[in-house]
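Peer 1: Protein chains in written order, with numbering that gives the first Met the number 0: chain A, 0 to 486; chain B, 0 to 488; chain C, 0 to 555; chain D, 0 to 99; chain E, 0 to 308. Note that beta-carbon positions come from the ideal geometry of N, C-alpha and C, so glycine has one too.
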Amino acid sequence: MTAALPVLILLTSLIPAGVTFFLAQDSHGLRNSLNLGGAVLKLGLIVWMLFAVAGGATYEATLPLAPGLVMLLRVDALALLFISLSATLWFLTTIYAIAYFGAKPELSRFFGFFSLCVAATTGLALSGSLISFFIFFELLTLSTWPLVAHKQDKPSLSAARVYLAYALPGSAALLWAIIWLESATGPVLFTDPPDLSALDPYALRAIFALFIIGVGVKAALVPLHGWLPAAMAAPAPVSALLHAVAVVKAGAFGVVRIIYDVFGAANVIALGVGVPLAALASVTIIWGSLRALQQDEIKKRLAYSTVSQVSYIVLGAALASPLAMIGGLVHLIHQGLMKITLFFCAGIYDERAGVKKITGLNGMGQRLPWTSVCFSLGAMGMIGLPPLAGFVSKFYLGLGGLEAGAPWVLGVLAASTLLNATYFLPLLYRLWFLPAAPDATGNERAPALVIPAVVTAAAAVGVGLLAASPISPLGWATLIVTREYGP
Amino acid sequence: MSALVVVLTLPLVTALTVLLLPARARVPVVLASSALIVLAAGALALAVWHGGPVTLAVGGWAPPLGIALRADGLAAALIMMSALVMGAVALAAQFELTPDRVGARMGFGFWPLMLLLWAALNAVYLSRDLFNLYVGVELLSLAAVALVALSGSAQALAAALRYMIFALAGSLLYLAGVVLAYGAHGTLDIGLLAVRVPAHTDALALGLMTAGLLAKTALFPFHVWLPPAHAGAPAPASALLSALVPKASFLILIRLWFEAMPDLASGAALLVLAALGAIAVIWGGVLALVQKRLKLIVAYSTVAQLGYLFFIFPLAGGDGSAQPWAAGAWTGAMFQALSHGLAKAAMFLTAGIYIAAIGSDRLGDLRGLARTLPMTGFAFALAAITLMGLPPSGGFTAKYLLMTSAFAAGQWPWALVLAGGGVLAAAYLYRPIAALFAQRAQTAARPIPRAWQAVPLVLAALSILLGLLSAIPFDLLQIGRPAPAQEGL
Amino acid sequence: MTALYSGSLMPLAVLVWPLLLGLVPLVPRWREGALRVLPLAPLPALAFAAAGASGTTVLPDLLLGVHLAAVPGGALLLGMTALVWTVAGVHAALALKSGVQAGNFVGFWCLTLAGNLGVFLAGDVVTFYLAFAAVSLAAWFLVVHERTQKALAAGKLYITLAVLGEAALLIGLMIGAAAAEDLQITSVRAALPDAPLGQVGLAALIVGFGIKAGMVPLHLWLPVAHPAAPVPGSAVLSGAIVKAGLIGMVLFLPDGSGWGTMLIVAGLTGGFWAALWGVTQRNPKAVLAYSTVSQMGLMLMLAGAGSGGVAYYALHHGLAKAALFLCVGVMAAAATPRQRSATLVVAAAVALSVAGLPLTGGALAKLGGKDGLPAALALALTLSGVTTTLVLGWFLMRLDQHAAKPAAKPAGPHLWRGVFSGAALLAGLALALPWVLWAGATGLPAGYPVRGANVFAGLWPVLAGLCAVAVIKRWALPAQPPGDVLALFQGLRGWAAFPAWPGGQRLRHARSIRRPALRALLHAKAAEDHMRRWPRAGVMLIVAALVLAGLLGVAN
Amino acid sequence: MSLTVFALTGAALVGLGVYGLLALPHLLRRIMCFNLIGSGLFLFFGAAGARGAAVDAIPQALIITGIVVALSASALAVGLVVALARRTGHAALPDEDRAP
Amino acid sequence: MSLALDLALCALILGVALATVAGGGVFRAVIFFITYGLFLAIGWARLGAFDVALAEAAIGAGLTGVLLLAAHARLRRMQAGDAPPPAGLNLPAALAGAGMALALGWAWFALPVPATPDIASALPRSGVGNPVTAVLLNFRAWDTLLESIVLLAALLGVWILARDGDWNAPLGPRYHALSGGVLVNFGRFLPPIGLCFGVYLVWAGADYIGGAFQGGTVLAAVGLVALMANVVRPPRVSYALLRAAVVIGPAVFLLAGLLAAGFGAGFLTLPPALAKSVILVIEAALTISIAVTLALLVIGPPDDAGRSS
């Protein structure tokens, strides 16, 4: 059973993915129930495991591909943190996507790849060895491509091309790093940090840099972030997936794994690579915000906001102090909840009111109140207002920065707060304070679109409000850090 | 042993039978016997798996008088891969090369040539005798050239002739080496040559044989015949030519360098071989980028992919004994050969489907076909994953093993080429994929039977599966692995 | 599992009740009459304050562990805040139009209220920050309620500064929390001065609180936002909300640090300069706003000096200033000259109280504040009576003038009566409540306010001020736009319109590298055609054979 | 000594053939040169096989096989040349028509 | 004396070869090539390799020559028959050629004299007396089997070079022979003699010199003459007997090998007792196939063009 569970949890999305591909376009009922069923089953399994893992259990499944190429699936607390997020959001996004697409063509392909994407994310989260991490990382890259290209029009295809143009060299760098490291240390299992003494410090730094380039593409670290705003050409559920459920999260998660389970925080500090990475993350935070300011398309602005926000996670990991780590980890969840809310809402604005540009938001607060409330909550969470989720992460990051002896982090956080406010508040201002254009239309009579947004918005409030509770993401992140990376 | 004989002779028997059969019975017989050969290949692999290498002294005469055949893990794996590809090609060709579609000439000609090619491949995989290998390679070349010329167009004939010239020149160089080897040692058996008394002429013999085989394996800069030839042949034939034929001559290279004369290997020569391979990877990739026809892209991709194989020379065994993937490079290159075979065959078969559907393989005409022929588009994409070396495909396992040993051997530039080649592959394979996935089909496509569409999909899936289940082929490849592949040249 | 809460639930109820009421407009049926719940929202707080504000709630699971308990002096401030919000709520319920906007107003009013109360109840920094953010940011909606161009512009300035303040505050609190390794305000306060970055943290806190408290030169938003907000909004802003900044200073600034002196200097500067600058204003609410800046300056001075009477002073000021602002609304609603003069009388009474006319609540507040103050500062406080009289006298004049203009909209007599009684009630409280609380709050003898010296110290500045009022009535100062130093920043306008880089730049760049790349590819193709010719390829093949043989031969 | 003469003749034939194979564009000539190289190699091989005390039969057998194989290849090549010429009118590879 | 003879012979061989390479005109080159083959055959005889000499004369010189001549004739009809050799020396090619020649020349002197496989002791068990035949049909039978398949592959390759429209036409171009001319008479007179000679070569090959290939070639030549003389008509590709004739040699060979495997002796293992007869059967079958195949190789793919014109 302990071996079956990780596999089972992977299969809950892999099987729907595989079957969906072969479903006829118009078998909506079967497809929807398959995908939703998978999601529900997965959530159930995760809840079960949450309790078990909190009690100290670990689950492991091994599949040796070739000597040294070990596919190891392992449920630890960190993995669970990530998959609970992705599973929850998968479920909601599926509901949302079903409503979003209605009876548009190529749905079997879409949902197939969508589930595959989630399966890849799950696998990535559960990976217990570098090589399985890489395998799922790539699977994620590949399964995302058709989603970005889904509309098959020129912008989508070009976005998809840009995506691959960033992702594949990134993978090459990652593979390079993995192999360089493993050629000296043997296969790297996350449970058993490798002995790095075989490599000289310069080589280790180079390996670290390659690792960061590799996962940094996914995490949209500046200057590897160009694909993310471009990918906005994709439909809203895909954006939700890219920004919250899977892709950038995978990158950030990768950074955490690499720092804590491959190199080990102590080594990262000893090598002196943590601070440059933190600096890079900070640059990304600021740069993403600045670029977000310049966008007049809602989704583009949100995309740059993601660039900025995801680097919080990287920052937390790079600072390599327990509190920063907690902040980074919890932001993994928090950013996901908030950003998916924002993208859900952006999709609703687009789909139900035809609003793509920021100027179109004028007065939408009256027309689409639920959506606008959710959007506002998401935005304020991003700014870091208490008691919303973003505040908690930011607070821990700040404390962690001080703990790590990097007080400049506070400046970065403050600047980011200000910039976030600068690019989000005008949106709220338009939503609520400005009169709607005379020809503005729109309504939110689409519960399947609105409810997921409401749920995630509520969750974004809830996880902040109940942060100190042991079952909150913060509680879980603290558990991870104290149990697995504690002194 | 009986499986070995079946694998060796059944393609021949079938070829002869097909010549005598009426047109109606041709395809069923070929398919039935293909199935039998696949089974026999499986049985042979099992026999090797359980009992170690299977040896057969033909006619009961042991070397140096007679010819020895030996199925080690490598040969068994290649035979298995070839059988799968051949079976798949036969399945696809029964739709594609029907007499009413392509005429009685092609409808007849393809089948015996394909079977002769198969026979030649299996003969080469198994043979341990240098001259017997020469005859086998000649049979292979003649059948391959004939397949290239099958379509009968002027370009195809020119491509076939060019191929012929390269192949003949290669054969002669190889023959020269064989002559010197026998002249110096009185034997042609690889096993006996391994324990020979070294002679001064051995270097010349190995050099000549190697150069000849390079021309046949289409290593840069002797690849120039390959793209027009592979692109000019009918798609099922291209699949065979690209997926299997170069592997045979490469296998002989391996036999020579790792089994017959490993003592000769010198650093500089190894470096030259791998450097040519590296250039091939880049050059093939770059030229694939500028092609406008799908089959040419795929053909140049073969040039690039074959380049990886040559990293085996400086890397094999170079990773020390500490790591669990000892002999990584050797096994990695073989994985590359296997997975490339499956994926490349799948790719050419998809190209055949597109040509059958719209009558062209220009990228511009392929737009939107993923919607019309989703299974085929999916197959192409899967095969592309293998060629790019992305996990969890066989191509990835190959690249991983090669890269690991490149690092372990301290020769990281090869790893750079491996990584860069993957990116380049992504770039050149992206163009057809993007075209396929573009919004609207411009040309009305003729319907393609689903069974035909399924064939390349199965092959592509196999190439992925090779990565997912790489432990089994990995272990199989270790059986009878020559010692120099463990300790390095 | 820890218990969900421990301690008394009273402090929690104080906060939760307004939040619940804030949800009322969400129910469509109730939205129409939602304004009517406004006066109810502060009632638990009032009760809690009246009961002595004792009791602690600990909610370990909430946020990062919520501790609620009245801060020192919290009872006074809570009570004051509750009173101000109650009366302003009544005013709003009477004066504002109902409708969708009103629904929003109710929601954010209640949220602001909860935040305002929370500031006085927070025991840990996170709760404090939450409350502070709530009161700061939700008040944005109060500022822009009227959605006029002016209100929106004011809102923009307000939110900008509020967010800046939040950011500064966050930095300060994080530094403190990191140093204390604890989230309790008391620990943070104790840890801050000696923390590695303690001084930076303190500076950040002062900036954050200073913005809220209208500390010069961070007061910019006050004179702009107050005139723009609806009257009840201005009343709570000036009466209660700015006190959040003050309490922050009191709570977090350690005793005897250099920052106290800084506060004193800034406070005194604001105390006098803002009052004088107020005389240049024409809008009575702007004049009042400057008066608030001035008064807050005095309170900051008191806080900086460590006076125990800050809360007591703030109590009076809150009630009085809220009454004055409400008077502006009352005046607007006044239809008859009698109503106008009644309004003026009330306003004048409150103004005199604020100026510190002996025996008024304001005089008591000043006396309470002077207690234990260095003589020079006590003198300054006394002197401030002059400027306060001046600016509030000017206010009364402007109020009168303002009223002389035709009312924007005719209002019924019921409305006037209602809002007038509210203002009058607050005025009465401002005059009287300090007497009631005198002993408890200051610990001074009951006869202290009526001592001759004290009476004199209260009286002469008022008289001097009245003379000054007479002067400026004759020679009015030139009008200045509200927001004084803001004019300096006009050059920096367009902060939101970040310069957009031309999006095509990168593309052009890409194109410029694409051409050579393309050429290289074509070269490669030509080279390939060249190599394809057999004579070359064949020679290469023979050469390769011989070279390989040579290489092998040389090595052996 | 005779053997050496034959062997060196074989080597020279190979050289001649290689030259012709590389330098001559007409494909029939190339086929002849290919045969020259082949027979030169066989001659060398035959001489080598005759060095021992007894004449070694294996090289002879191999040479016969080789001759047949060479004929087969020549036949296919000739067929290709004729077919190409029938379609293009030239008995040379397309890009080598005007080879120097 | 013999050395001088050998030297002279080799000089001749080289001279003719040089003329083949450098001579002007493709036709002349072909003639020189045939001459070269004949001189080479003499050289083989000088080396004591009579089987090879016979093969070289029959196949290397004779059949290849006919093949080239026939091709040249067809090319000439397409105006592609001739191209003057490029003027001047192609230096890279010359260097490459010289390099190869020198390398092989050097190798001759560096070549050790190894121990060769002991054929003599194995010969009695091979079933034949001629060691070359023993090697070809017993010791290295697998080579020979593959070789017969190579021939078949070449034939198939040549066949598919037909144009689609010609596929069902008779094989090869039409030969015009004057009735009563030399060729016709020759064609009537030669075949019986050639047939006898060819069969003899196969029969004798077992123990003396000759064998299936040499015999088959003679028979093929006979067939060709008969064809050219219009004594027999060219068949079509679909002609079943033709295909059977092409296939029978390899088929019998393969069958023998498989039967041996089936009876447990091992693939292509001929029990010494039966070896002689089995080899004879195989040789007979092979001869038929070789003769037919070689002849068909020379006449080329089905071609309707020559007939209609």
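Please say whether B/K398 and B/G419 have beta carbons closer to each other than 9 Å?
Peer 2: In this structure, B/K398 does not lie closer than 9 Å to B/G419 by Cβ.
Peer 1: Where do the N-terminal and C-terminal ends of the alpha helix (DSSP H) with B/T13 fall, by residue?
Peer 2: Element bounds for B/T13: S1 to L19.
Peer 1: So E/L74 packs on D/L27, CB below 8 Å; how close in whole Å?
Peer 2: Rounded, the Cβ-Cβ distance is 7 Å, consistent with contact.
Peer 1: Would you verify that the beta carbon of C/L521 is, or is not, closer than 9 Å to some beta carbon of chain E?
Peer 2: Not closer than 9 Å to any Cβ of chain E, the Cβ of C/L521 fails to qualify, so no.
Peer 1: If we ignore side chains and look at the alpha-carbon of each, how far apart do C/V70 and C/L314 end up?
Peer 2: Cα to Cα, C/V70 sits roughly 14 Å from C/L314.
Peer 1: Please state if the CB of C/A224 and the CB of C/Y157 are separated by a distance shorter than 9 Å.
Peer 2: Result yes, Cβ atoms of C/Y157 and C/A224 sit closer than 9 Å.
Peer 1: Going by beta carbon distance, what residues of the same chain come within less than 7 Å of C/T279, once the five residues before and after it are set aside?
Peer 2: Within the same chain, C/T279 has close Cβ partners L476, P477, A478 and Q479.
Peer 1: With the cut-off set at 9 Å, would you say A/A239 and A/G346 are in Cβ contact?
Peer 2: Contact: yes.
Peer 1: Beta-carbon separation of B/L288 and B/R366 under 9 Å?
Peer 2: For B/L288 and B/R366, no; Cβs fall outside 9 Å.
Peer 1: Tell me, which residues are paired with A/V69 by DSSP?
Peer 2: The partner list for A/V69 (beta bridge, DSSP) reads A/P63.
Peer 1: On the criterion of 16 or more Cβ atoms from any shown chain inside 10 Å, does A/M379 qualify as buried, or is it exposed?
Peer 2: With 16 or more Cβ atoms within 10 Å of its Cβ, A/M379 is classed as buried.
Peer 1: Would C/A548 pass as an interface residue toward chain E - the criterion being a Cβ-Cβ separation below 9 Å?
Peer 2: At least one chain E Cβ lies under 9 Å of C/A548.
Peer 1: Under a Cβ-count criterion, where at least 16 other Cβ atoms within 10 Å of its own Cβ denotes burial, should B/A155 be classed as buried or exposed?
Peer 2: B/A155 is buried by the Cβ-count criterion.
Peer 1: How is the beta strand (DSSP E) around B/T54 delimited, first residue to last?
Peer 2: That run of the beta strand (DSSP E) goes V53 to A56.
Peer 1: Would you kindly work out how many angstroms separate the C-alpha atoms of D/T64 and B/Y162, rounded to a whole number?
Peer 2: Cα to Cα, D/T64 sits roughly 23 Å from B/Y162.
Peer 1: If you compare alpha carbons, which of B/R254, B/G340 and B/L64 is closest to B/A459?
Peer 2: Comparing Cα-Cα distances from B/A459 to each of B/R254, B/G340 and B/L64, the minimum goes to B/G340.
Peer 1: Identify the residues that DSSP records as bridge partners of A/K489: which are they?
Peer 2: Since the first residue of chain A shown is 0 and the last is 486, residue 489 of chain A is not available in this structure.
Peer 1: For B/A168 versus B/G108, is the C-beta distance shorter than 9 Å?
Peer 2: Contact: no.
Peer 1: Less than 8 Å between the CB atoms is what I'm expecting for E/F252 and E/L144, so what's the real figure, rounded?
Peer 2: About 5 Å separates the two Cβ atoms, so the contact holds.
Peer 1: How should B/K291 be labelled, buried or exposed, when 16 other C-beta atoms within 10 angstroms of its C-beta is the threshold for buried?
Peer 2: Result: exposed.
Peer 1: Assuming B/L69 is part of the beta strand (DSSP E), what are its boundary residues?
Peer 2: Reading off the sequence shown, one finds Arg at residue 69 of chain B, where the question assumed Leu. Element bounds for B/R69: A67 to A70.
Peer 1: For the ligand FMN, I want to know if A/L72 counts as a neighbour, meaning its beta carbon is within less than 8 Å of at least one of the ligand's heavy atoms.
Peer 2: What this structure holds is no ligand at all, so the ligand FMN is not there to describe.
Peer 1: Alpha carbon to alpha carbon, what distance is there between C/L18 and A/A502?
Peer 2: For chain A, the structure presents residues 0 to 486; residue 502 of chain A sits outside this window and is missing.
Peer 1: For A/T19 and A/V147, what's the separation of their Cα atoms in angstroms?
Peer 2: The alpha-carbon atoms of A/T19 and A/V147 are separated by roughly 18 Å.
Peer 1: Would a check of beta-carbon distances place D/A22 closer than 9 Å to chain C?
Peer 2: Yes, D/A22 counts as interfacial toward chain C.
Peer 1: Looking only at C-alpha atoms, which of E/E282, E/A294 and E/V245 sits nearest to E/R232?
Peer 2: It is E/A294.
Peer 1: What would DSSP say about C/T381, mapped onto helix, strand or coil?
Peer 2: Three-state result, C/T381: helix.
Peer 1: Do you know whose CA, among C/A526, C/A348, C/A519 and C/G308, lies nearest C/L575's CA?
Peer 2: Shown here, chain C extends from 0 to 555; a query on residue 575 of chain C therefore has no answer.
Peer 1: Could you confirm whether any beta carbon from chain D is found closer than 9 Å to the beta carbon of B/Y181?
Peer 2: Yes, because at least one Cβ of chain D sits closer than 9 Å to the Cβ of B/Y181.
Peer 1: Quick check on the burial criterion: 16 or more other C-beta atoms within 10 angstroms. Buried or exposed for A/P472?
Peer 2: Burial call: buried.
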